[in-house]
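A.B. asks:
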Amino acid sequence: MHAILSTHYGNETSLQIGQIDAPNIGPDQLLVKVSAAGLNPVDWKTLRGDARAFSGWWRPPHILGADFAGTVQQVGANVSDYQPGDKVFGMVPAFKGGAFAELMAVSPDNIASMPQNLSFVEASSVPLVALTAHQFLFQKTKIHPQHHVLINGCCGGLGHMAVLLAKACGASVTGVCSTRNIALAKQLGCDFVIDYTQADPIKGDIQYDGILDTASTMTFANARKALRPDGVFSTALPSPQNLLMAPLLNRFRKQKEHALWVRPDPAALAHISTLLAQHNIHPHIEKAYPFSEIAKAIRHCKTGKVSGKLVLDFTATP
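Per the numbering used here, residue 68 is the first one in the sequence shown, and the count goes up by one each step.
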């Protein structure tokens with residue numbers, strides 16, 4: 068099978084397209100033929116060596132990639148919920164990787180049935196960002212229709228998915244973005260849009276039930292004045308402070324600070340699949356690259372100017 072291979076830490080120029088043996092599956096695994104794989108900043112940051120404590124000290128995962136969508140080819144003897152031919156989407160831990168390949172062995176805990184309204188390219192862009200947004204909306208903020216949430220970076224990969232899921236729940240959303248993305252923010256469903264080049268999004272009279280900072284431009288200390296007394300502040304870019312100290316301090320305050328740490332969650336992913344299908348929600352894909360153009364795709368991702376998501380299409384030709 069074809070796969071995008073990494074042999075040492077570095078940048079996108081160190082990746083190679085190669086042929087390797089297809090993986091063998093165990094009794095509790097499935098073999099999935101990957102049609103498309105989502106590209107996330109964590110992929111190139113892992114390749115760069117930013118998380119060696121998780122990805123391996125001496126070399127990165129041989130195959131990168133967390134998000135994928137494809138078709139079940141084979142199931143292990145103990146797998147009963149899926150059959151060959153089923154369309155699935157899912158994620159593996161980004162620091163372990165495996166999605167940038169034509170075939171991958173996964174656990175049922177990594178996947179859910181693909182939303183019927185999405186293509187493989189669209190579905191592959193969803194799991195990592197949607198599971199992160201789901202954690203903020205459903206586990207931390209406990210979203211309901213009377214809530215009003217602020218999404219900082221509302222047109223990025225995570226931010227735009229948080230907007231889409233919050234609107235599916237009937238909540239009000241204020242999105243924060245740059246001038247060039249105002250039209251997209253409105254298209255996504257934001258009730259209010261703040262251009263951060265023109266105004267400070269956390270100065271004003273509005274207080275929010277939840278604030279999700281995907282852009283790493285806010286702190287809990289500064290944002291809490293824009294939170295309701297029992298509001299929640301979450302960041303997708305953990306620091307030692309919010310990973311270690313915040314859980315302790317949260318015991319003594321009504322306003323809460325949380326760092327979001329995404330992991331495979333089949334029940335949450337199934338809920339996401341249902342929401343996307345029921346509300347006919349489509350993720351915003353800025354560009355789908357043939358998998359052979361992985362270096363170009365990573366360079367695009369590194370700009371930090373991506374609206375929505377980038378995807379590697381394993382069915383496309385250069």
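Glycine included, C-beta positions come from ideal geometry on N, C-alpha and C.
No experiment lies behind these values; they were computed from the predicted model shown.
(1) Roughly how many angstroms separate the alpha carbons of S322 and F205, rounded to a whole number?
(2) Taking E169 and K253 to be in contact with their CB atoms under 8 Å, please state how far apart those CB atoms are, rounded to whole angstroms.
(3) Alpha carbon to alpha carbon, how far is I71 from K270? Give it in angstroms, no decimals.
(4) Quick check on L315: buried or exposed, where buried means 16 or more other Cβ atoms within 10 Å of its Cβ?
(5) Within the same chain, show all residues whose beta-carbon is closer than 6 Å to that of G164, passing over the 5 residues directly before and after it, in chain order.
(6) What did DSSP end up calling T341 once you bin it into helix, strand or coil?
(7) Tell me, which residues are paired with S301 by DSSP?
(8) Grouping DSSP H, G and I as helix and E and B as strand, with all else coil, what is P108?
(9) Quick check on the DSSP output: the beta strand (DSSP E) that includes T138 runs from which residue to which?
(10) Going by other Cβ atoms of all chains shown within 10 Å of its Cβ, with 16 needed for buried, is S102 buried or exposed?
(11) Report the rounded CA-to-CA distance for V146 versus D176, giving the unit in angstroms.
(12) I want to check one thing, is the minimum distance from the CB of C221 to the heavy atoms of the ligand ZN below 7 Å?
(13) Express the C-alpha separation of M228 and V196 in angstroms, rounding to a whole number.
(14) When the Cβ atoms of the segment 304-315 are set against those of the segment 144-158, are three or more pairs found closer than 8 Å?
(15) Could you give the distance in angstroms between the alpha-carbon of Q265 and the alpha-carbon of T138?
(16) Can you check whether the CB of Q86 is closer than 8 Å to the CB of H69?
(17) Out of curiosity, what's the CA-to-CA distance linking V299 and Q141?
C.D. replies: Taking the geometry as given:
(1) Locating residue 322 in the sequence shown gives position 255, counting from the first residue. Locating residue 205 in the sequence shown gives position 138, counting from the first residue. Reading the sequence as shown, one finds Gln at residue 322 and not Ser. Q322 and F205: Cα-Cα distance of roughly 16 Å.
(2) If you number the sequence shown from 1, residue 169 lands on position 102. If you number the sequence shown from 1, residue 253 lands on position 186. Actually they do not touch by this definition, with Cβ atoms about 38 Å apart.
(3) To locate residue 270, count along the sequence shown from 1; it is residue 203. To locate residue 71, count along the sequence shown from 1; it is residue 4. Within the model, the alpha-carbon separation for K270 versus I71 is close to 46 Å.
(4) For the purposes of this step, residue 315 is taken as residue 248 along the sequence shown, with counting starting at 1. L315 comes out exposed.
(5) Position 97 of the sequence shown, counted from the start, is the residue given in the question as residue 164. Excluding residues within five positions, the ones whose Cβ falls inside 6 Å are P128, I130, L131, G132.
(6) Here residue 341 is taken as the residue at index 274 of the sequence shown, counted from 1. DSSP places T341 in helix when its eight states are reduced to three.
(7) Here residue 301 refers to the residue found at position 234 when the sequence shown is read from its first residue. In the DSSP output, where bridge partners are listed per residue, S301 has L279, H325.
(8) Mapped onto the sequence shown, residue 108 falls at position 41. In the three-state reduction of the DSSP assignment, P108 falls in the helix class.
(9) Locating residue 138 in the sequence shown gives position 71, where the first residue counts as 1. If you look at T138, you'll find it in the beta strand (DSSP E) that goes 134-142.
(10) Reading the sequence shown from its first residue, position 35 is the one you call residue 102. That one is buried.
(11) Reading the sequence shown from its first residue, position 79 is the one you call residue 146. Reading the sequence shown from its first residue, position 109 is the one you call residue 176. Roughly 11 Å between the two C-alpha positions.
(12) Absence of the ligand ZN is noted for the structure shown, with no ligands found whatsoever.
(13) Along the sequence shown, read from residue 1 onward, the residue named residue 196 stands at position 129. Along the sequence shown, read from residue 1 onward, the residue named residue 228 stands at position 161. Answer to the nearest angstrom: the Cα atoms are 7 Å apart.
(14) Three or more beta-carbon pairs separated by less than 8 Å are not found between the segment 304-315 and the segment 144-158, which leaves the two stretches without contact.
(15) In the sequence shown, residue 265 corresponds to position 198, counting from 1. In the sequence shown, residue 138 corresponds to position 71, counting from 1. When rounded, the separation of the alpha-carbon atoms in Q265 and T138 is 46 Å.
(16) On the sequence shown, position 2 is the one that residue 69 refers to. On the sequence shown, position 19 is the one that residue 86 refers to. Yes, they are a contact pair.
(17) Counted from its first residue, the sequence shown places residue 299 at position 232. Counted from its first residue, the sequence shown places residue 141 at position 74. Looking at the two C-alpha atoms, the distance is approximately 43 Å.
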